[in-house]
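Novice:
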Amino acid sequence: MTDWTDVLHALTSPTDISLRGTIRETPSEPQRNPTTFKTAGHRLMFVRAVDDCTVWLRGASTRVEYDGRPVFVTDGTTAWDFTPDPERPLIGPVNRVLYFGKNQFLIRRRTAAEWAGTDFTSPAGPIDEVRFLERDCWTVELAPPPGKPHPMRVWVDIETGRILGHQIDLLEIGARYVDVTVGEPLDDGLFTWTGPTQTHEERQRDLQRRGDEVRRQQAEWFAASVTGTPVVARVAVDFTPTTVPFRDDETGAFDGHNDHTMLARSPRSVDGSWAPRWGPLHYVWSTPEWDWAAAMMECDIDDDTVRTLQSILHPDASVDRQRRIDPPRRGRVD
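The sequence shown begins at 273 in the working numbering and counts up one residue at a time.
#1: Tell me which residue opens and which closes the alpha helix (DSSP H) that residue 482 is part of.
#2: Give me the Cα-Cα distance between residue 384 and residue 535, rounded to the nearest whole angstrom.
#3: May I ask you to report which of helix, strand or coil DSSP gives residue 384?
#4: Which ranges does the beta strand (DSSP E) cover as unbroken runs of at least 3 residues, wholly within the stretch 399-471, from first to last along the chain?
#5: Anyone know if the C-beta pair for residue 298 and residue 447 falls short of 8 Å?
#6: I want to check one thing, is the minimum distance from the CB of residue 471 to the heavy atoms of the ligand ADP below 7 Å?
#7: For the beta strand (DSSP E) that residue 554 lies in, which residues bound it at each end?
#8: Does the Cβ of residue 498 have 16 or more other Cβ atoms within 10 Å, making it buried, or fewer, making it exposed?
#9: Please classify residue 367: is it buried, with 16 or more other beta-carbons within 10 angstroms of its beta-carbon, or exposed?
#10: Using the C-alpha atoms, what's the distance from residue 329 back to residue 409?
#11: Does the distance from the CB of residue 323 to the CB of residue 363 come in under 8 Å?
#12: Along the chain, where does the alpha helix (DSSP H) that runs through residue 581 open and close?
#13: Between the alpha carbons of residue 420 and residue 414, how many angstroms are there, rounded?
#14: Thinking C-alpha only, which one of 292, 510 and 361 is nearest residue 350?
#15: Do residue 407 and residue 429 have their beta-carbon atoms positioned less than 8 Å apart in this structure?
#16: For residue 387, which residues in the same chain have their Cβ closer than 8 Å to its Cβ, ignoring the five residues on either side in sequence?
#17: Closest to residue 469 by CA distance: which of 479, 416 and 357 is it?
#18: If residue 530 sits next to residue 510, beta carbons under 8 Å apart, how far is it from one beta carbon to the other, in whole angstroms?
#19: Assuming the contact rule is C-beta atoms closer than 8 Å, residue 590 and residue 560 should be a hit. Round their C-beta distance to whole Å, please.
#20: Under three-state DSSP, which class holds residue 282?
#21: I think residue 352 touches residue 465, with their Cβ atoms under 8 Å apart; what is that distance to the nearest whole Å?
#22: Would you list the residues sitting across from residue 346 in a DSSP beta bridge?
#23: Cβ of residue 454 within 8 Å of Cβ of residue 290?
#24: Going along the chain, which residues of its own chain have a beta-carbon closer than 7 Å to the beta-carbon of residue 632, five neighbours each way excluded?
#25: Per DSSP, which one or two residues make a beta bridge with residue 537?
#26: In whole angstroms, give me the CA-to-CA distance for residue 287 and residue 331.
#27: Distance, Cα to Cα, residue 503 vs residue 577?
#28: Just to confirm my understanding: we take residue 565, look at its own chain, exclude 5 residues before and 5 after, and list those with CB closer than 6 Å. What are they?
#29: So, is residue 573 buried or exposed, given that buried needs 16 or more other C-beta atoms within 10 angstroms?
#30: Could you give the DSSP three-state label for residue 277: helix, strand or coil?
#31: Which partner residues does residue 595 have in the DSSP bridge list?
#32: Can you give me the Cβ contacts of residue 325 inside the same chain, cut-off strictly under 8 Å, excluding the 5 residues immediately before and after it?
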């Protein structure tokens, strides 16, 4: 009888034996469930190999195509993501590539550390040797992790240690290669891209430029077709707090807010340095008795709004030391 340690050794031992095949889900779904690659540089991006994709594997090199077009290529050092722009793929280091999706292990090997976990990593029954896809394979049910009710069967190619299929037998749900060719010579050009590329940063700058141009054109249309005069209207804003998490009965100080605004006060400071630690742009000002602060969450508070607040909160009190505070790195981004 085959020992699990032999299977595990094959699963975790890299090999340069090539494999080519097409992945297909069972049952076939109208909306293909993708095997997803996620590569990260300074920003994150997604590369998808959808159901019915064709895969070439050789060592750490991988090529995934759909409808005859590449969606993901790596030579083991550099990765190319063709999803955003098939003619100018994103380029990044392979050590920043993460794989997602229930079919990912048909494409990449799980590491020894992953096999030391609990997510379908230990046998739940005997290991059998069978013919699968005209290949000599081991097949075994893997025990489910806590919270998942059913074991998952896998078929492992004995020669390459690659998983050729997986299925939850009780539900007849899984995925497998529908054709496999092992050991054929593969040209190195399959796993590289020599055409134009773009980095994450270049793509973000390009998207920003395109967005700016679209907004400029739309603004010009509005100015020419509707009005070139700024359309500014005053609206009523309720500053009445619905929550007052900080309040001091002795001094009368408080810090409160509702869903749209913030309001606070504290006994007048000697040097006028008091200010709440708020994220949005806010105003602070003083009366003979109090230091006050107010802010709006969805938009910036302005001078006219502050004057209206002052006339309501302390209509007869003089105002001094008024400041406009715009915190760095505030949460709202224009």
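All residues carry an ideal CB built from backbone N, CA and C; glycine is no exception. Since we're looking at a predicted model, the values are computed, not measured.
Specialist: The relevant details are as follows:
#1: 472-497
#2: Between residue 384 and residue 535, the C-alpha separation is close to 55 Å.
#3: Three-state DSSP puts residue 384 in a helix.
#4: 400-404, 407-414, 424-429, 435-440 and 445-454
#5: yes
#6: In terms of ligand content, the structure shown is empty, and the ligand ADP therefore cannot be addressed.
#7: 554-558
#8: exposed
#9: exposed
#10: Taking the straight line from one Cα to the other gives about 18 Å.
#11: no
#12: 575-585
#13: Roughly 12 Å separates the two Cα atoms.
#14: Just measuring C-alpha positions, the residue of 292, 510 and 361 sitting nearest residue 350 is 361.
#15: yes
#16: 280, 283, 284 and 393
#17: 357
#18: 7 Å
#19: 7 Å
#20: Correct three-state label for residue 282: helix.
#21: 5 Å
#22: 334 and 351
#23: yes
#24: The question about residue 632 has no answer here: the residues shown for the chain are numbered 273 through 606.
#25: 526 and 564
#26: 5 Å
#27: 18 Å
#28: If we look at residue 565 and ignore the five residues flanking it on each side, its Cβ neighbours are 536, 548, 554 and 556.
#29: buried
#30: Here DSSP, grouped into helix, strand and coil, assigns residue 277 to helix.
#31: 556
#32: 294, 295, 307, 336, 337, 338 and 343
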